[in-house]
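Only one structure is covered here, and it is reproduced in the block below.
4 protein chains.
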Amino acid sequence: MKPTTLHPAAYVSVLAGAIVLALLGLGAVLADDTPIGSKWWPSEWGADDQRGAANRLTPDKVLEARDLIQQGRIYQLGRIYEHGMPLPGKRHFSLTIPGLPTGAPTGANQIVSNDELFSGEIGQVGTQFDGLGHVGAHVDGEDIFYNGFKLGEFGDPYGLQKLGVENVGVFFTRGILIDLVEFKGVDRLPAGYAIPASELRETLDAQSLEIRPGDIVLIRTGHGQLWMRDNEAYGAGEPGLGMESAKFLTDHKVALIGADTWAIEAVPHEDPDQAFPVHQWNITRNGVHHLENLDLEELAADKVYEFAFVFSPLRLKGATGSPGNPIAVR
Amino acid sequence: MKPTTLHPAAYVSVLAGAIVLALLGLGAVLADDTPIGSKWWPSEWGADDQRGAANRLTPDKVLEARDLIQQGRIYQLGRIYEHGMPLPGKRHFSLTIPGLPTGAPTGANQIVSNDELFSGEIGQVGTQFDGLGHVGAHVDGEDIFYNGFKLGEFGDPYGLQKLGVENVGVFFTRGILIDLVEFKGVDRLPAGYAIPASELRETLDAQSLEIRPGDIVLIRTGHGQLWMRDNEAYGAGEPGLGMESAKFLTDHKVALIGADTWAIEAVPHEDPDQAFPVHQWNITRNGVHHLENLDLEELAADKVYEFAFVFSPLRLKGATGSPGNPIAVR
Amino acid sequence: MKPTTLHPAAYVSVLAGAIVLALLGLGAVLADDTPIGSKWWPSEWGADDQRGAANRLTPDKVLEARDLIQQGRIYQLGRIYEHGMPLPGKRHFSLTIPGLPTGAPTGANQIVSNDELFSGEIGQVGTQFDGLGHVGAHVDGEDIFYNGFKLGEFGDPYGLQKLGVENVGVFFTRGILIDLVEFKGVDRLPAGYAIPASELRETLDAQSLEIRPGDIVLIRTGHGQLWMRDNEAYGAGEPGLGMESAKFLTDHKVALIGADTWAIEAVPHEDPDQAFPVHQWNITRNGVHHLENLDLEELAADKVYEFAFVFSPLRLKGATGSPGNPIAVR
Amino acid sequence: MKPTTLHPAAYVSVLAGAIVLALLGLGAVLADDTPIGSKWWPSEWGADDQRGAANRLTPDKVLEARDLIQQGRIYQLGRIYEHGMPLPGKRHFSLTIPGLPTGAPTGANQIVSNDELFSGEIGQVGTQFDGLGHVGAHVDGEDIFYNGFKLGEFGDPYGLQKLGVENVGVFFTRGILIDLVEFKGVDRLPAGYAIPASELRETLDAQSLEIRPGDIVLIRTGHGQLWMRDNEAYGAGEPGLGMESAKFLTDHKVALIGADTWAIEAVPHEDPDQAFPVHQWNITRNGVHHLENLDLEELAADKVYEFAFVFSPLRLKGATGSPGNPIAVR
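Chains as they are written, first to last, in our numbering: chain A, 1 to 330; chain B, 1001 to 1330; chain C, 2001 to 2330; chain D, 3001 to 3330.
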């Protein structure tokens, strides 16, 4: 996600709040009661850490995930990257095949070959993994990210010199699907709906599941059904985490949070003066990565609520995120 | 790979052969004794199949792989994508961060965000998975690919309409490393060395392993040690499969072949008139995918020869390949 | 332009016609009465020519243009290239600034610098010059372009080996504006309106002007007023040349035709079975280049109908077109 | 240009100087005796001006240029943009043709079409025009550009909000070629040679020419002969303006300075602690644009020292520069 992904209407509202605050002189310094709170570093994994909650991914979690594989059935959670998919703001997606074929017939065996050329915000279009270099907070004139790293120091036009996605490693761990659509008996939650922590808890109970440290948690809101069906509605807002439910998950020491939405969190946010505060809470303060624009329909249809989850981000040096096709296996 | 990745010297030699054949009038039609042979379709998985040997990936193979996970240790086999990595021909790699930050401070919480912009032949630079739309053969005036699909019919400038990488699915199966460097007691095999089938067999024996249908096989030649150390030598040629050893692997009904080289096969080829014939044999005729530019050093150092292998290609609609960070788990 | 720039509705209609013809077995061979006609090569400038009607640009035309410069007033005819401008089909436009600044403070003088990164179909977005490699005709299984050059021979995935825009040279010649909006006393001509030759003639008479060999002619339809005001209407169709008026201009041996539309010609075409036949007539058969998406409003407001015209295409090797900011000077 | 275009060796030297200064605490604030000097705004064209010395382009200058056109002969000064041309740092150039053809046969007339896809730092590769948003100075924690505009205020990841190249307008004015190669009787000046003002003066005298306000001045050093012949030497350094000769030209109130080099100025600079100070002097302080990587050979061969000069930058919104094919006409 990024701020410009807000629907124009929502954006104006956020901006209006920001202007009011700016007039009150509160814009520059984040107060203790802001979502991200006061100084959030050094991280619990040390002052040099660049992996955040991915540090919770241990061999034991791999083995725990392994034991959930009983049928050998794989669910692909990544959406297809294609022309016409929802794209926020000025981001673009271009895939072309030079030449058809790109490589003309060569050799006695007359081999021909094709390449594809891609242009776009690769870690921030379609199914996407938000790395720790994706969002931060502007505090006292500086852009500060996870573990207190300052963009002024690690920013580089050709790739971040810290917090790049190549540092994260691989997610092979226990995964949990919290299916709010099923639990609430609706088609999909409405845009702007901030899921209360109690609903996460009750759904988990109904699914007879608990969250354990190092798990990844996927939230199904039903919003994903709009993907490629009503892209405008898909991008105009979304249901998702509020501050309370975000804290519920970080309190449970998850390693990653995913959803069938483009920002994981309610848009517009509960507090219209805040822009994507759950991003800051999860990523910047707690080092918990996001996986956005997932397809959770098949998993839900089969009522697969606990599974081995595997996602291996591209090792794009200095990138803020990664595309991918995460899988659930049971 | 593609033909233009040949070293100039090798290329001239291939070309010279091609010209001779053309003069003899043999260029246009592939004879039965060419690597790819005569009519290679319909595929054993039906006339409509677009997945090739990925059809060998079954739930049973997932369970077989699961049982190899005993320690929960993950090996990342994907290389880092970065400026300065080896790039053949006119391919390019560009990664930039617009703005730093891309999204200016917004909201009372003053969130900032970064994106990355990527431009390049995404499925054909760095660690890469060759899909079935990547190589074919020019026969009687037509470019024919896996399962007899004609590029003139499924080619599309904005993404192939058949054989796109989004059709492949996920590789979660038993993996085998054949470490020729260890077996032969050398640092690395020389460029142009065509590994005989006997050496594959003997190395497997020495490693007390057998290949089973649906496995993926990784070949370590040591050539990968040149990556980012001597890019010119890395790209000028490579050791790898010859026709005999390629057939040995396809006879064993593997699902995918990977290596620490950029083309899996010996370059220049045993027969200098042939350009990348193993590509045609594996991909075009047998539907066996390639994984190129892997980093197999850590796996080899730990003598991990049998493992769970997981690779989930990006679902890039109509793409000829995919980048990735495949993993071995034991 | 390209065929996919057609409005969906128009496109279906063209396609329907094409299908009917295909069923009748007429699709593959172009009959004498098709817009492009029978064999159109060698060109009047020789069998090797790659410049087409740009050969009419002589030192004498430069001097003729010079004499039209009396006030030293320059009119910029190029539109601004920007996010949100009309883009047909799957073309894209992306301009970003890596880093801000791209180059960090360096030296005792602490210099900083910015670059811009561009991605897009550079010669076919916004104000654009159609080179001779842009359109051709599929005849008897081959794609044939200006002067009979076959795409199968000069096509190259990394830039055309013939007819590239670097061959064209510079347009410094007499320019004529035919202002149909003024002449007809309307705001703008309706989409699909095929300007008859008689109207070109009458407007020229009203403007007391004649067309001379080597001139460039700009047609003002008023359609350009929709640019960035109603992009959907702008792209859905347009008024412009029909076959008769196109022939009127090529009979007058013009060097280039421009307009305040995206295709110069009426869309949909007079004959709904034809797709962009004026493109074929002008470019493929007669070697007359196009300049599309011009801003002719200021020129018209000042009633500047005769002027020195200067346009110097980018020398992009092997490109099909060029962006630009052509000027009229009087 | 940008700092990273320095040859590694030169770069280290600049850096070493910078480090020394930084240790002395002199890095952050620019002293009066630095090339760019103290406060350089508001500009002589007002505090809001975004065009700089392009304001010297008047109708009178157009008429003055017109009178220099006596033969109608056009010289193209822009180089061909192509794969393999010199590219500094991490910039790239990619041009591909999707599909060949991009648009498949359509309509009864079976039209086919090609597009080209471009990716690269469009205003900063090959023949390039440096706009006023290209370079500035880091002073007291802020990046300050022409007319005192602060990057922190006008920077935008999707295009500069001030000083974008779309503001510049068109150069149609008197042009002067100062041919130092001819004057000094050498093949080319050596890299690092800082042309003294006296040599500019003497060459002008020898050519019987004077510089007038609003002229553009092109400097021929002979370095351009290395283009595509020895790209490494071309980029490793270059002869060009020193501070004295730069001041000579700005004192003469030129509108633009061009050269057959990639940075106009001597690299390494006379004072090895300075990085591209002439850029700052000309562009940032004086608003005088640069044209780099010109081909001046043909002009020199014909001894054309005075001519009409025409260059119309692309109106790329918010871009730092523009590609182009400037022309000299006599």
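Ideal Cβ placement from N, Cα and C applies to all residues, glycine included.
Nothing here was measured: the structure is a model prediction, and the numbers come from that model.
Looking at the secondary structure, which residues open and close the beta strand (DSSP E) in which residue i lies?
i       : result
C:T2106 : 2103 to 2106
A:R174  : 171 to 179
B:Y1075 : 1074 to 1076
B:A1137 : 1135 to 1139
C:A2328 : 2327 to 2329
A:E306  : 306 to 311
D:G3120 : 3117 to 3120
B:A1259 : 1256 to 1259
Residues in the same chain with beta-carbon distance under 8 Å from residue i, minus the five sequence neighbours each way, listed in chain order, please.
i       : result
D:T3127 : L3077, G3078, R3079, Y3081, L3291, E3292, N3293, L3294, D3295, P3323, G3324, N3325, P3326
B:G1025 : In this predicted model, B:G1025 has a pLDDT of only 35, less than 50, meaning its place in the structure is not dependable; the value taken from the coordinates is given anyway. No residues qualify anywhere along the chain.
A:R201  : F248
A:W262  : M1, T5, P86, P88, Y234, G235, E238, E292, N293
Count the other C-beta atoms from every protein chain shown that fall within 10 angstroms of the C-beta of residue i, then say buried if there are 16 or more, exposed otherwise.
i       : result
B:S1245 : buried
D:D3143 : buried
C:R2229 : exposed
B:K1039 : exposed
D:S3113 : buried
D:P3268 : buried
B:D1140 : exposed
B:G1072 : buried
C:G2214 : buried
C:Q2274 : buried
D:P3190 : exposed
B:G1120 : buried
B:R1330 : buried
B:E1298 : exposed
Tell me the residue span of the alpha helix (DSSP H) that contains residue i.
i       : result
C:R2212 : Per DSSP, C:R2212 belongs to no alpha helix (DSSP H) and is neither H nor E.
B:F1248 : 1243 to 1251
D:L3151 : 3151 to 3154
C:E2064 : 2059 to 2066
B:R1299 : In the sequence as displayed, the identity of residue 1299 of chain B is Leu instead of Arg. Start and end: 1297 to 1301.
A:G235  : 231 to 236
Please return the same chain residues whose Cβ sits closer than 6 Å to the Cβ of residue i, not counting the five positions on each side in sequence.
i       : result
A:Y158  : none
A:G175  : I216, F307, F309, A328
A:T320  : G123, G131, G133, H134
D:L3151 : D3143
C:G2318 : G2159, L2160, G2164
Can you list, in chain order, the residues of its chain whose CB lies under 7 Å from that of residue i, leaving out five sequence neighbours each side?
i       : result
D:A3065 : F3172, T3173, R3174, A3308, F3309
B:A1197 : E1244, S1245, F1248
A:Q70   : R330
Is any heavy atom of the ligand GTP found at a distance shorter than 7 Å from the C-beta of residue i?
i       : result
C:A2259 : Looking at this structure, you won't find the ligand GTP or any other ligand, since it has none at all.
* Could you name the residues of the segment 94 to 120 of chain A whose beta carbon sits closer than 7 Å to any beta carbon of chain C, in the order they occur along the chain? => Listed by position, the residues of the segment 94 to 120 of chain A near chain C (Cβ gap below 7 Å) are S94, P98, G99, T102, S119.
* Does the segment 114 to 125 of chain A come close enough to the segment 90 to 105 of chain A to have 3 or more Cβ pairs within less than 8 Å? -> By the Cβ test, the segment 114 to 125 of chain A is in contact with the segment 90 to 105 of chain A, since at least three Cβ pairs between them sit closer than 8 Å.
* Is the number of C-beta pairs between the segment 2299 to 2306 of chain C and the segment 2203 to 2221 of chain C that are closer than 8 Å three or more? -> Judged by Cβ distances under 8 Å, the segment 2299 to 2306 of chain C makes contact with the segment 2203 to 2221 of chain C, as three or more pairs qualify.
* Return the residues of the segment 147 to 163 of chain A that lie within a Cβ-Cβ distance of less than 9 Å from chain D, sorted by chain order. => From the segment 147 to 163 of chain A, only P157, Y158 have a Cβ closer than 9 Å to chain D.
* Could you please tell me which residues of the segment 1077 to 1095 of chain B, in chain order, have their CB closer than 9 Å to any CB of chain C? => For chain C, the residues of the segment 1077 to 1095 of chain B that bring a beta carbon within less than 9 Å of one of its beta carbons are G1089, K1090, S1094, in chain order.
* Asked: the segment 1252 to 1276 of chain B: which residues have C-beta closer than 7 Å to a C-beta of chain A, in chain order?
  -> Of all residues in the segment 1252 to 1276 of chain B, only D1273, Q1274, A1275, F1276 come within less than 7 Å of chain A when Cβ atoms are compared, listed by chain position.
* **Residues in the segment 2275 to 2292 of chain C having any Cβ partner in chain D nearer than 8 Å** => Result list: A2275, F2276, P2277, H2279, Q2280.
* Which of the residues in the segment 2058 to 2073 of chain C, read from start to end, lie with their CB under 9 Å from any CB of chain D? -> Within the segment 2058 to 2073 of chain C, the residues whose Cβ lies closer than 9 Å to some Cβ of chain D are T2058, P2059, D2060, K2061, V2062, L2063, E2064, A2065, R2066, D2067, I2069, Q2070, Q2071, G2072, R2073, listed in chain order.
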